[in-house]
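Note sheet for the following structure.
Chains as they are written, first to last, in full-length UniProt numbering: chain A, 1 to 139; chain B, 1 to 139; chain C, 1 to 139.
In structure tokens form, the structure reads like this:
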């Protein structure tokens with residue numbers, strides 16, 4: 001287990017804009033406050049969503065698309081540098097009209113309403129290719 | 001995307017009381033520490049639950065009731081002022097005996113056991129009616 | 001509702017090691033930074049998992065086993081002292097290839113990739129047996 005101490009560089013709450021992309025909005029927040037490393041949780045609702053599932057055999061992501069309104073019952077993620085860009089690694093649990101839940105890596109989703117809490121850290125987090133998992137991991 | 005910096009005014013952990021209402025307990029915590037703005041995450045178990053799903057066409061919430069014990073696998077939310085009261089906007093993921101998950105906006109639930117972490121902010125968050133979504137949103 | 005103010009004693013991000021146990025890795029982090037009280041959220045993926053569901057009638061946990069790769073869409077928990085050891089009380093929402101979600105108390109799971117954010121508190125949290133729920137609760 002690989003860890004590092006982080007020092008807070010700022011703390012923010014944000015309301016995501018209706019009609020915008022959920023993850024892009026979080027990255028806009030990171031850009032606005034110049035966060036190269038941050039942790040966030042969020043909740044709200046989306047008009048549609050594309051989740052990704054990682055196939056650990058094939059080492060590849062597969063998309064799962066939902067073209068209907070869903071609650072964002074949980075959203076957890078972090079901001080780091082990936083290929084010179086700020087990247088919001090975002091996982092979410094979404095739910096439908098009967099409460100049925102779907103979940104995974106959130107690639108994109110159209111915001112209905114969204115509320116985010118973000119803690120920004122002094123130390124940048126940089127992602128690099130990991131040979132075992134074929135994922136871009138930090139530390 | 002609309003954001004604001006927040007300054008910490010206190011940080012708390014709480015154990016929710018068996019038999020009380022989950023959301024009311026979180027609002028009691030907010031009252032006890034005079035939190036007009038806060039962010040929280042929580043976990044535990046409930047004896048029953050009422051989730052709400054927001055119909056984005058009708059712009060109305062619909063209740064989904066569960067009359068059985070469920071784990072609270074995830075709970076994320078925030079405290080803000082709504083109509084002069086402290087309101088805990090609460091989303092949750094609940095699960096049953098086979099691990100099956102249901103999720104959504106948590107209106108009420110009877111606590112079996114609950115553990116909450118809350119960060120309180122100096123700046124109040126006030127909710128107001130938003131015409132697009134017909135929701136009470138902050139900022 | 002029983003609460004206490006906590007003072008931050010440190011803040012950490014960690015990457016869990018592929019092949020190790022998810023919860024043991026979090027407890028290793030707690031050991032490494034001498035955290036007797038902490039709150040964490042996490043995300044990632046696992047190669048298998050054992051969730052527990054608490055039967056509130058029998059006052060006993062029942063295991064639910066999953067022998068396949070799953071995303072960790074949400075993970076929330078805390079560290080406290082239990083029987084002289086550091087214990088990471090961990091709830092999680094996991095998801096499969098179609099986004100289907102399962103959730104509950106996470107006993108064990110083999111890490112594929114994991115990212116954790118932990119806030120450590122000055123004040124220790126000690127768990128003790130609670131007669132009503134037959135659970136080890138703090139405060």
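All residues carry an ideal CB built from backbone N, CA and C; glycine is no exception.
Within chain A, partners of residue i - CB distance below 7 Å
i	result
residue 98 of chain C	64
residue 18 of chain C	132, 133
residue 105 of chain B	71
residue 93 of chain C	74, 93, 103
Per-residue contacts from residue i into chain A (C-beta, under 9 Å)
i	result
residue 2 of chain B	14, 15, 16, 17
residue 29 of chain C	1, 3
Any C-beta of chain A under 9 Å from that of residue i
i	result
residue 22 of chain B	no
residue 56 of chain C	no
residue 114 of chain B	no
residue 37 of chain C	no
residue 77 of chain C	no
residue 128 of chain C	no
residue 85 of chain C	no
residue 11 of chain C	yes
Span separating the alpha-carbon of residue i from that of residue j
i	j	result
residue 3 of chain B	residue 12 of chain A	7 Å
residue 121 of chain A	residue 8 of chain A	5 Å
residue 102 of chain B	residue 86 of chain A	32 Å
residue 91 of chain B	residue 66 of chain B	15 Å
residue 1 of chain B	residue 88 of chain A	15 Å
residue 30 of chain B	residue 93 of chain C	27 Å
residue 18 of chain A	residue 106 of chain A	17 Å
residue 61 of chain C	residue 53 of chain C	5 Å
residue 140 of chain C	residue 47 of chain C	As displayed, chain C neither begins before 1 nor continues past 139, which places residue 140 of chain C out of reach and without an answer.
residue 16 of chain C	residue 118 of chain C	13 Å
residue 28 of chain B	residue 34 of chain B	9 Å
residue 132 of chain A	residue 56 of chain A	10 Å
residue 21 of chain A	residue 5 of chain B	22 Å
residue 68 of chain C	residue 49 of chain C	8 Å
residue 95 of chain C	residue 108 of chain C	15 Å
residue 126 of chain C	residue 134 of chain B	44 Å
residue 39 of chain A	residue 136 of chain C	30 Å
residue 84 of chain B	residue 128 of chain B	11 Å
residue 124 of chain B	residue 36 of chain A	27 Å
residue 32 of chain B	residue 82 of chain B	17 Å
residue 63 of chain C	residue 130 of chain B	45 Å
residue 104 of chain C	residue 51 of chain C	6 Å
residue 14 of chain B	residue 25 of chain B	9 Å
residue 59 of chain C	residue 23 of chain B	24 Å
Contacts that residue i makes with chain C (C-beta to C-beta distance below 8 Å)
i	result
residue 124 of chain A	Simply none; closest approach about 11 Å.
residue 89 of chain B	Simply none; closest approach about 17 Å.
residue 41 of chain A	41
Short CB-CB distance (under 9 Å) between residue i and chain B
i	result
residue 45 of chain A	yes
residue 25 of chain A	yes
residue 82 of chain C	no
9 Å Cβ cutoff, residue i in contact with chain C
i	result
residue 6 of chain B	no
residue 108 of chain B	no
8 Å Cβ cut-off: residues of chain A touching residue i
i	result
residue 51 of chain C	Within 8 Å Cβ-Cβ: nothing; residue 51 of chain C doesn't reach chain A, min ~14 Å.
Within chain B, the residues that residue i reaches when beta carbons sit closer than 7 Å
i	result
residue 32 of chain A	3
Heavy atom of the ligand FAD within 8 Å of residue i beta-carbon
i	result
residue 69 of chain C	The model on display carries no ligand, and the ligand FAD is accordingly not part of it.
Mind listing, in chain order, the continuous alpha helix (DSSP H) runs of no fewer than 4 residues lying wholly within the segment 12 to 97 of chain A? The qualifying runs are 22 to 32.
Say whether the segment 36 to 47 of chain B touches the segment 74 to 94 of chain C, bearing in mind that this needs 3 or more beta-carbon pairs closer than 8 Å, one atom from each stretch. Note that the segment 36 to 47 of chain B touches the segment 74 to 94 of chain C; at least 3 beta-carbon pairs, one per stretch, sit closer than 8 Å.
Any contact of the segment 63 to 75 of chain A with the segment 106 to 121 of chain A, i.e. 3+ C-beta pairs under 8 Å? Counting Cβ pairs under 8 Å, three or more are found: they touch.
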